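Enquirer:
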Amino acid sequence: HYVPRVYLKNFSKNNGKECYVCCFDKQNNKSFQTNIKDIAFEKEFYDKISENQVTEKTLRVVESKTDTVIQKLITNKDIEKLDPEEKDILSEFIAYQMIRTKEMRETLKDTAKQFFKKYEDQLAPELKNQVLDSMKEESLRNIHKDVIGEMNEFKKRIKNMKWILVINKSRFPFWTSDNPVAEYNAIDLSPYGNIGLECLGFEMHIPIHPKIVLIICDPRTFSHEPNNKVISDYRQVVRERDLQVRYSTRFIFSNEANFSFAQMMLRENPKIGDPNRKRVTIK
Numbered sequence: 047h048y049v050p051r052v053y054l055k056n057f058s059k060n061n062g063k064e065c066y067v068c069c070f071d072k073q074n075n076k077s078f079q080t081n082i083k084d085i086a087f088e089k090e091f092y093d094k095i096s097e098n099q100v101t102e103k104t105l106r107v108v109e110s111k112t113d114t115v116i117q118k119l120i121t122n123k124d125i126e127k128l129d130p131e132e133k134d135i136l137s138e139f140i141a142y143q144m145i146r147t148k149e150m151r152e153t154l155k156d157t158a159k160q161f162f163k164k165y166e167d168q169l170a171p172e173l174k175n176q177v178l179d180s181m182k183e184e185s186l187r188n189i190h191k192d193v194i195g196e197m198n199e200f201k202k203r204i205k206n207m208k209w210i211l212v213i214n215k216s217r218f219p220f221w222t223s224d225n226p227v228a229e230y231n232a233i234d235l236s237p238y239g240n241i242g243l244e245c246l247g248f249e250m251h252i253p254i255h256p257k258i259v260l261i262i263c264d265p266r267t268f269s270h271e272p273n274n275k276v277i278s279d280y281r282q283v284v285r286e287r288d289l290q291v292r293y294s295t296r297f298i299f300s301n302e303a304n305f306s307f308a309q310m311m312l313r314e315n316p317k318i319g320d321p322n323r324k325r326v327t328i329k
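Here the numbering used here is used: the first residue of the sequence shown is 47, the next is one more, and so on.
This is how it looks when you write it as C-alpha cells:
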C-alpha cells in the first residue's frame, strides 16, 4: 500500500471487522465503495517478492507507531497536546507519505520524459540511453526507493515548520486521496519554483480525518496563525477538497459517497483526470 490502511481507516465506514471507504475515480469519472485493503495498492510496488522487503518492513513499523499519534489528535483536537516524541513520529510518517506514493513514481517518470524531450538532440548516446532506461518500471522502482531512503532530510525540515490543526465544524467532510500530502503555495516566486519545504509561503495539507486537516507550512509566512483553528464555512472545506482532487493521482476517498464537487472540477478541467498529464516543467 502506498497509502496505509491505518491512515485510510479514519475515512472509512466499519462493516463488522472490515473498513470500507467511498472512492471517486478521476480517470473514469465514477464512484464506488471498496475495502481499504483493496485500494491505493500495487503488488511489488517497492520491493519484489524475491527481494528482502526492506522498504515494506520499514514502512510497516512507521505506520504502527503513527496510528496512536493520529488517534490522539483525532480525540484531543489540539496540536499542542503532542509531545516532542509524538511530533517526531508524525514528522517521519508525513515525510514518508510525501514520497512513497504512486504520484511520486509518476513524477519521477515525467521528469525523465520532459528532460529527454527538451534535450534529446544535445545528449550523448550513452546519456540518452541512461535517460531512456530511467523511464522503465524497474529503474523507476529503484530510483523511487533511493528517494525514500532520503526521508530523514524531509523529516528534519517538516518537524521545524509551522504546524496548524484545522477542525472542521461544518457538516461537510474533508476528503483525502491516493496522494494525501497536497502541496500548495500562493506566493509566486518566479523565475524560481515555489513548491518545496524551504520555499517562502509553502504549505502542505494532510487530512487525517473527515473533520481534521493538518497544515504544515513555512514558519516565516504563517507565524501569526494560531496552532489550532476551527472552521465552519463550507468554502474552506471546498478549498481542502480542491487540493485533494487536483493533486491526487487517480482516487479520492471519503466517508460519504457524494463526489459532485470532484465531478464539477473534472468538467471544468479534464486534464486533472488524465493519468498521463504533464507533472513537470523543465525550463
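Ideal Cβ positions, reconstructed from N, Cα and C, are used throughout, including at glycine. Remember, it's a predicted structure, so these values are computed and weren't measured experimentally.
Quick one: what's got a C-beta closer than 7 Å to residue 143's C-beta in the same chain, skipping five residues either side?
Expert: If we look at residue 143 and ignore the five residues flanking it on each side, its Cβ neighbours are 226 and 227.
Enquirer: For residue 286, write down the residues that DSSP places opposite it in a beta bridge.
Expert: Answer is none; residue 286 lacks a bridge partner.
Enquirer: Go to residue 297, then tell me how far its beta strand (DSSP E) extends in each direction, as first and last residue.
Expert: Run containing residue 297: 297-300, per the beta strand (DSSP E) assignment.
Enquirer: Taking all protein chains shown into account, do 16 or more other C-beta atoms lie within 10 angstroms of the C-beta of residue 319, making it buried, or fewer, making it exposed?
Expert: So residue 319 counts as buried.
Enquirer: For a quick check, are the C-beta atoms of residue 243 and residue 200 less than 9 Å apart?
Expert: Yes. Within cutoff.
Enquirer: Residues in the same chain with beta-carbon distance under 7 Å from residue 189, minus the five sequence neighbours each way, listed in chain order, please.
Expert: Result list for residue 189: 154 and 180, in chain order.
Enquirer: Going straight from the alpha carbon of residue 133 to that of residue 219, what length do you get?
Expert: Residue 133 and residue 219: Cα-Cα distance of roughly 25 Å.
Enquirer: Can you give the beta carbon distance from residue 264 to residue 208, rounded, assuming they're within the 8 Å contact cut?
Expert: Indeed they touch by this definition, with Cβ atoms about 7 Å apart.
Enquirer: Can you name the start and end residues of the alpha helix (DSSP H) that residue 190 belongs to?
Expert: Note, residue 190: alpha helix (DSSP H), 183-194.
Enquirer: Quick check: the stretch 287-299 against the stretch 56-76, are at least 3 beta-carbon pairs closer than 8 Å?
Expert: Judged by Cβ distances under 8 Å, the stretch 56-76 makes contact with the stretch 287-299, as three or more pairs qualify.
Enquirer: Rounded to the nearest angstrom, what separates residue 126 and residue 147 at their Cα positions?
Expert: Approximately 29 Å, taken between the alpha carbons.
Enquirer: With respect to the alpha helix (DSSP H) encompassing residue 176, which residues constitute its N-terminal and C-terminal limits?
Expert: Per DSSP, residue 176 belongs to the alpha helix (DSSP H) from 171-180.
Enquirer: Can you list, in chain order, the residues of its chain whose CB lies under 6 Å from that of residue 116, leaving out five sequence neighbours each side?
Expert: Here the set comprises 254.
Enquirer: Keeping to the same chain, check which residues put their C-beta closer than 7 Å to that of residue 205; ignore five residues upstream and five downstream.
Expert: Taken in chain order, the residues that qualify are 133, 134 and 137.
Enquirer: Looking at C-alpha atoms only, which residue of 171, 81 and 50 is the closest neighbour of residue 65?
Expert: Looking at the Cα atoms, 81 is the closest of the given residues.
Enquirer: Just the Cα atoms here: how many angstroms apart are residue 139 and residue 159?
Expert: Cα-Cα distance, rounded: 29 Å.
Enquirer: Is residue 260 near the ligand MG, judged by its Cβ being under 8 Å from some heavy atom?
Expert: By its list of ligands, the structure shown contains no ligand whatsoever, and the ligand MG lies outside what it can speak to.
Enquirer: For the structure I just gave you, are there three or more beta carbon pairs, one from the stretch 305-317 and one from the stretch 278-291, closer than 8 Å?
Expert: Yes, the stretch 305-317 touches the stretch 278-291.
Enquirer: Just list the alpha helix (DSSP H) runs in the stretch 64-151, keeping only unbroken ones of 4 residues or longer that don't cross its boundaries, in chain order.
Expert: As far as the stretch 64-151 is concerned, its whole alpha helix (DSSP H) runs of at least 4 residues are 100-122 and 130-145.
Enquirer: Could you tell me the alpha carbon to alpha carbon distance between residue 129 and residue 262, rounded to whole angstroms?
Expert: Distance between the alpha carbons of residue 129 and residue 262: 17 Å.
Enquirer: Taking only three categories from DSSP, how would you classify residue 232?
Expert: Note: residue 232 maps to coil in three-state DSSP.
Enquirer: Please classify residue 249: does DSSP put it in a helix, a strand, or coil?
Expert: Note: residue 249 maps to strand in three-state DSSP.
Enquirer: In angstroms, rounded to a whole number, what distance separates the CA positions of residue 164 and residue 328?
Expert: The alpha-carbon atoms of residue 164 and residue 328 are separated by roughly 7 Å.
Enquirer: Do you know how far the Cα of residue 76 is from the Cα of residue 260?
Expert: Answer to the nearest angstrom: the Cα atoms are 28 Å apart.
Enquirer: Quick one: Cα of residue 63 to Cα of residue 170, how far?
Expert: Taking the straight line joining both Cα atoms gives about 58 Å.
Enquirer: So who's on the other strand from residue 223, going by DSSP bridges?
Expert: According to DSSP, residue 223 bridges with 298.
Enquirer: Residue 266: buried (16+ other C-beta within 10 angstroms of its C-beta) or exposed?
Expert: Exposed: under 16 other Cβ atoms inside 10 Å.
Enquirer: Per DSSP, what kind of secondary structure is residue 59 in: helix, strand or coil?
Expert: Residue 59: strand per DSSP, three-state reduction.
Enquirer: Kindly indicate which residue of 326, 314, 299 and 322 has the alpha-carbon position closest to the one of residue 86.
Expert: Among 326, 314, 299 and 322, the Cα nearest to that of residue 86 belongs to 299.
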